[in-house]
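So the sequence shown is residues 575 to 1069, counted in the working numbering. Everything below concerns the one structure shown next.
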Amino acid sequence: LGASRARLTRQLLTESLLLALLGAVCGVLLAKWAANLLLALVVSKDSPLHVTLNAPVLAFTAGVMVLAGVVFGLAPALSAGRVDLVSGLTSRSRSMTSTRHWLGASETLVAVQIAVSLVLLMGASLFARSLMNLERQPLGFDQDHVLLARINPRLAGYTATNVNALYRTLYDRLNALPGVRSATLARYSPLGGGSSINASVVEGYAPKQTERVSLETILVGPSYPETLGMTLRQGRPLGLQDGLGSPKAGMVNEAFVRHFFSDQNPLGRHFGVNGSPGPADIEIVGVLKDAQFHDPKDEVRPVVFTALLQDASQFSLDCEIEVRTAGDPAAASNEVRGAIAGVDRTVPISDMTTLREQVASTFNSQRLAARFVSAFGGLAVLLACVGLYGTVAQTVARRTSEIGLRLALGAQRLDVLRMILLDTLVVVIAGLVAGIPAAFGAGRFVASQLYGLSPRDPLSLAFAAGLMTVVAAIAGLLPARRATKVDPLVALRCE
């Protein structure tokens, strides 16, 4: 009708840009709600995270969307402007075969979306399985029914010389509470984030030329293994008899025995801390089974447990009360507070929590990573399915006359469905083939954050590929079913 190619290109580009602008406006309007929804899905109450709308970020994002509309709208607009008039008016896809073995531009973009979705799904599966491995591994202690409360007698005016009496009284008062099975005091609790590394000497151990013996030291009170559910392998636990004026006593873990005594009997041997080299004046009276006190992904290191009631240093002025209860530990918090206040109400109490909550907070970073990657993986799958649905629907519309002709010549509707789904499967397979090496390559960057599995874990890959295939098949099935409902007479009349 006389329209120039430039005008056609400009019109199609304007339509594409208008769609991009509408999407940008809708995205900005939904940004606040979507951000809050995402945080509610991925962030736990133990690690609060707050976001606010930022004008420069929104402007940048909207600009990227508009730019994408221009870039991805320009290519088809230019292509449409070069259409041959004769062939465009006389042919309507009569040359298409039942199954194509090539990908057009739109199919290629959908395959790229599928590949990116596979990478994110693989990452989500890896992080989720790594988190499961961390949560299921034995920690060496029983985290159930234990209440933790940190106190700081220093703020109440206590000194290293008189705090011992306070601890003894607290120990007796807490163990007398109804519903309390065992109570103790300690400088740190497992996975609590505390650490004290001291220069040390071990009796009978000759350090290597470049080795500097340093031991992690934890001050603990009576009934420590019983309260935390730790297994005593040899000897006895520290008790009330291990106080000021009595011979210094301590416990060690199995990693200590393996490193310094080559699994020989350590009972009766001695070690020293805070010495350079210092005297080995603390007798080993017990050996505890290895337990994780820091990152569960790390190897258990040698640990010594010295008697809190024998310590007269400033370190003893900051400790944690640990109470094992018969029922819900959180329900005993008021009784524990009352017992502490009954001894000295000026002693401040802070950070009251349960041991299970403390252990769970240790995995917050892994849990957050798994949820974020899963959320973005889900969004990527949704976008890929929308793209695949649109591409298949466009193909069905373009091949309506061909489908009608096939049905008129005796083809079964199941054959038409199979033909469309095979075309869809070609796109999905192309995306998976491209996505698998990309997923393996991306896995190398998160290998250090995984526990108990390889970044090329076959189960994670099978889950991601299987889920992507099933979801993509469903997305392609909807327009494929519409193709089976084409009326041959209507299709041929339009032709």
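Backbone N, C-alpha and C fix where the C-beta goes; we use that ideal spot for every residue, glycine too. Nothing here was measured: the structure is a model prediction, and the numbers come from that model.
ASP746 lies in the alpha helix (DSSP H); which residues open and close that run? The residue you call residue 746 lines up with position 172 of the sequence shown. Per DSSP, ASP746 belongs to the alpha helix (DSSP H) from 737-749.
Three-way DSSP call (helix, strand, coil) for ARG898 in this model: Translated into the one-based positions of the sequence shown, residue 898 becomes position 324. DSSP places ARG898 in strand when its eight states are reduced to three.
For a test of the three-state rule: what should DSSP assign to LEU593, helix, strand or coil? Locating residue 593 in the sequence shown gives position 19, where the first residue counts as 1. Helix.
Test item: CB-CB of ILE858 and HIS868 under 9 angstroms: By one-based count along the sequence shown, residue 858 stands at place 284. By one-based count along the sequence shown, residue 868 stands at place 294. Not a contact, by the Cβ cut-off of 9 angstroms.
For LEU996 and GLU976, the rounded distance between their alpha carbons: Taking the first residue of the sequence shown as position 1, residue 976 is located at position 402. Taking the first residue of the sequence shown as position 1, residue 996 is located at position 422. Straight-line Cα distance between these residues: approximately 16 angstroms.
Hey, how far is the Cα of CYS1134 from the Cα of ALA594? Shown here, the chain extends from 575 to 1069; a query on residue 1134 therefore has no answer.
Among CYS893, VAL921, LYS871, which one has its Cα closest to the Cα of PHE937? Counting from one through the sequence shown, the residue named residue 937 turns up at place 363. Selected option, being the one with the closest Cα: LYS871.
Considering only DSSP beta bridges, list what THR758 is partnered with. As a first step, residue 758 must be located in the sequence shown, where it is residue number 184. Looking at the DSSP assignment, THR758 forms a beta bridge with GLU896.
Pull the bridge partners of SER774 from the DSSP assignment, please. Numbered from its first residue, the sequence shown carries residue 774 at position 200. In DSSP, SER774 forms a bridge with VAL847.
What are the start and end residues of each continuous beta strand (DSSP E) run of 3 or more residues lying completely inside the region 913-941, in chain order? 923-928
Proximity of ASP816 and ALA881 at Cβ, strictly below 9 angstroms: As a first step, residue 816 must be located in the sequence shown, where it is residue number 242. As a first step, residue 881 must be located in the sequence shown, where it is residue number 307. Yes. Within cutoff.
With DSSP as the reference, identify every bridge partner of GLY824, one or two as the case may be. Taking the sequence shown and counting its residues from 1, the one referred to as residue 824 is at position 250. Beta-bridge pairing links GLY824 to ILE858, THR880.
Would you say ASP885 and LEU793 are within 9 angstroms of each other, going by their C-beta atoms? Counted from its first residue, the sequence shown places residue 885 at position 311. Counted from its first residue, the sequence shown places residue 793 at position 219. Contact: yes.
For the beta strand (DSSP E) holding GLY809, just list the boundary residues, first then last. As a first step, residue 809 must be located in the sequence shown, where it is residue number 235. Looking at the DSSP string, the run of the beta strand (DSSP E) that includes GLY809 is 806-809.
Taking DSSP as the reference, what is the three-state secondary structure of THR626? For this step, residue 626 is matched to residue 52 along the sequence shown. DSSP places THR626 in coil when its eight states are reduced to three.
Could you confirm whether any beta carbon from chain D is found closer than 9 angstroms to the beta carbon of SER590? Chain labels in this structure do not include chain D; a single protein chain is all it has.
DSSP three-state label for GLU790, please. Counting from 1 along the sequence shown, the entry for residue 790 is found at position 216. Strand, per DSSP.
Distance CB(THR588)-CB(LEU652) smaller than 9 angstroms: Position 14 of the sequence shown, counting from 1, holds the residue named residue 588. Position 78 of the sequence shown, counting from 1, holds the residue named residue 652. Not a contact, by the Cβ cut-off of 9 angstroms.
Closest residue to VAL720 among GLN932, ASP837, GLY984 (Cα-Cα distance): In the sequence shown, counting from the first residue as 1, residue 720 sits at position 146. That would be GLN932, whose Cα lies nearest to the Cα of VAL720.
Compare the Cα-Cα distances from LEU1041 to each of VAL1060, PRO1053, ALA958, THR965 and report the closest residue. Translated into the one-based positions of the sequence shown, residue 1041 becomes position 467. Answer by Cα proximity: ALA958.
DSSP-derived helix/strand/coil call for LEU575: Counting from 1 along the sequence shown, the entry for residue 575 is found at position 1. Of the three classes helix, strand and coil, the one that applies to LEU575 here is coil, per DSSP.
Which residues does DSSP list as the beta-bridge partners of VAL720? Position 146 of the sequence shown, counted from the start, is the residue given in the question as residue 720. DSSP lists ARG898 as partners of VAL720.
Can you give the Cα-Cα distance for LEU591 and VAL645, rounded to whole angstroms? On the sequence shown, position 17 is the one that residue 591 refers to. On the sequence shown, position 71 is the one that residue 645 refers to. So the alpha carbons of these two residues sit roughly 9 angstroms apart.
Looking only at DSSP bridge pairs, what is ILE1003 linked to? One-based indexing of the sequence shown puts residue 1003 at position 429. The partner list for ILE1003 (beta bridge, DSSP) is empty, contrary to what the question assumes.
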